[in-house]
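Residue numbers (my numbering), protein chains in the order written: chain A, 1 to 206; chain B, 207 to 443. Where is the CB? At the ideal position from N, CA and C, for every residue including glycine. Remember, it's a predicted structure, so these values are computed and weren't measured experimentally.
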């Protein structure tokens, strides 16, 4: 792998992470992280949409009239999102019911427009593909970490399977209902940012 | 043609929209049968859960539904069976509840469970943000509720969305819509404001509008079944 492709793929995972460094896509990070399963499906959907739209825009970047480039980007993204939604409805109805509006909201996920504008319009298809996958995974990584803690502490389960033993409940342990509510997602994201910044000194604001 | 010219932009956008349109309709057509199947299965699952029948892992919903639901028919507000080419499963409850009571098609699903025969009726109403709906199962004499299932489109998680939880739904078992042989519906009331003239369940704290929606949904959707309930009671004697 060349140096450029390494940067395109690996940077979004940590140093330029869309959620915890650029603080993009927070809305869906709050909404789909009460359970691990929707968080995973959301990650896959965003990776697919982001990688494909990056590649498509990158392929047609030289033909797009500058005055309507944002509209062209939106059309491409919207078409891909509708397709993901239709495929989910056909193959995984339960999850599509849970994610319902959030799949549609991928269209408005700032990460997508951000990457299309900042990267795909100026780079070739292969690099754009890596950039899309990298950013999708960087976003999904945070989603999954947040969902892990929220599901474990809020429902005592992981992927729907109970992991907190019954004996704990008998001794008086209770699931923390607060974890299910949206504010706790923000606080969990904040904790991740805290840990991440303390390990990457160059990201700290003076 | 110059890339910045108006005609290039115009042709480009028309071409793009056309292409995307064709592509999306192909995807939609190809996946439609599977989606319809999923939607039907989901509805069957909702109907079954109102009768407290839960599928085991190795059982398909359709099989369990065919086994449990022994009969399904449509009645009118006088409690008579309507035969005019109406399939209970295909009745659009959302459209029916908007009609005057005596013009409605009222679906009835008859379930044969381990606990005896249950009658399952669909209900439909409005919550805070969007529609709420559900199914209520009644014991064979039509007087007491056996189980209830509610779903919603977009109520607030933790507040209105709590109507989906077993904690809320299990409150309905054993309640009656009748008092002294008169249809009174069911109240969803706050603690301390319980009515004395009818049965009640407790509302969700913080989910006031959704709770009121559930109460109104019961009244509006089930009142036309009054004659049907009375017939069930007569038959049970």
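To the nearest angstrom, report how far apart residue i and residue j are at their CA atoms.
i	j	result
residue 382(B)	residue 392(B)	7 Å
residue 329(B)	residue 427(B)	5 Å
residue 30(A)	residue 182(A)	6 Å
residue 212(A)	residue 42(A)	In the structure as shown, chain A begins at 1 and stops at 206. Residue 212(A) is therefore absent and cannot be evaluated.
residue 309(B)	residue 151(A)	47 Å
residue 88(A)	residue 188(A)	28 Å
residue 436(B)	residue 94(A)	38 Å
residue 317(B)	residue 278(B)	9 Å
residue 236(B)	residue 242(B)	12 Å
residue 137(A)	residue 218(B)	33 Å
residue 191(A)	residue 178(A)	16 Å
residue 295(B)	residue 172(A)	45 Å
residue 376(B)	residue 424(B)	16 Å
residue 320(B)	residue 387(B)	28 Å
residue 21(A)	residue 139(A)	11 Å
residue 213(B)	residue 246(B)	48 Å
residue 72(A)	residue 12(A)	25 Å
residue 168(A)	residue 157(A)	13 Å
residue 396(B)	residue 293(B)	38 Å
residue 114(A)	residue 32(A)	21 Å
residue 289(B)	residue 59(A)	59 Å
residue 302(B)	residue 287(B)	16 Å
residue 160(A)	residue 63(A)	47 Å
residue 240(B)	residue 44(A)	21 Å
Can you tell me where the alpha helix (DSSP H) with residue i in it begins and where it stops?
i	result
residue 253(B)	212-256
residue 393(B)	First-last for residue 393(B): 393-395, but that is the beta strand (DSSP E), not the alpha helix (DSSP H).
residue 48(A)	36-60
residue 299(B)	299-302
residue 80(A)	69-91
residue 6(A)	3-10
residue 437(B)	432-442
residue 173(A)	Counting along the chain, residue 173(A) falls outside any alpha helix (DSSP H), and DSSP gives it neither H nor E.
residue 28(A)	26-31
residue 113(A)	110-115
Please state the DSSP three-state secondary structure of residue i.
i	result
residue 122(A)	coil
residue 389(B)	strand
residue 376(B)	helix
residue 312(B)	strand
residue 420(B)	helix
residue 349(B)	coil
residue 158(A)	strand
residue 317(B)	strand
residue 367(B)	helix
residue 201(A)	helix
residue 287(B)	strand
residue 96(A)	helix
residue 354(B)	strand
residue 128(A)	helix
residue 427(B)	helix
residue 14(A)	coil
From which residue to which residue does the beta strand (DSSP E) around residue i run?
i	result
residue 278(B)	275-281
residue 479(B)	As displayed, chain B neither begins before 207 nor continues past 443, which places residue 479(B) out of reach and without an answer.
residue 331(B)	322-332
residue 407(B)	406-408
When the distance is taken between beta carbons, is residue j closer than 8 Å to residue i?
i	j	result
residue 84(A)	residue 107(A)	no
residue 256(B)	residue 353(B)	yes
residue 252(B)	residue 355(B)	yes
residue 410(B)	residue 402(B)	no
residue 56(A)	residue 215(B)	no
residue 35(A)	residue 120(A)	no
residue 79(A)	residue 230(B)	yes
residue 116(A)	residue 28(A)	no
residue 280(B)	residue 311(B)	yes
residue 75(A)	residue 299(B)	no
residue 379(B)	residue 338(B)	no
residue 314(B)	residue 346(B)	no
residue 51(A)	residue 244(B)	no
residue 406(B)	residue 420(B)	no
residue 307(B)	residue 429(B)	yes
residue 438(B)	residue 325(B)	yes
residue 65(A)	residue 210(B)	yes
Since I believe residue j is in contact with residue i (beta carbons under 8 Å), could you give me their beta-carbon distance rounded to a whole number of angstroms?
i	j	result
residue 109(A)	residue 46(A)	7 Å
residue 8(A)	residue 131(A)	4 Å
residue 143(A)	residue 39(A)	5 Å
residue 24(A)	residue 103(A)	With a Cβ gap of about 18 Å, residue 24(A) and residue 103(A) do not count as contacting.
residue 18(A)	residue 135(A)	5 Å
residue 176(A)	residue 153(A)	5 Å
residue 200(A)	residue 6(A)	No, residue 200(A) and residue 6(A) are not in contact; Cβ-Cβ is about 18 Å, not under 8 Å.
residue 270(B)	residue 258(B)	Their Cβ separation, rounded to whole angstroms, is 13 Å, which puts residue 270(B) and residue 258(B) out of contact at 8 Å.
residue 360(B)	residue 413(B)	So it is not a contact: roughly 13 Å between Cβ atoms.
Compute the minimum distance between the beta carbon of residue i and the heavy atoms of the ligand ZN, and state whether it is under 7 Å.
i	result
residue 146(A)	The ligand ZN is not among the ligands present in this structure, which contains no ligands whatsoever.
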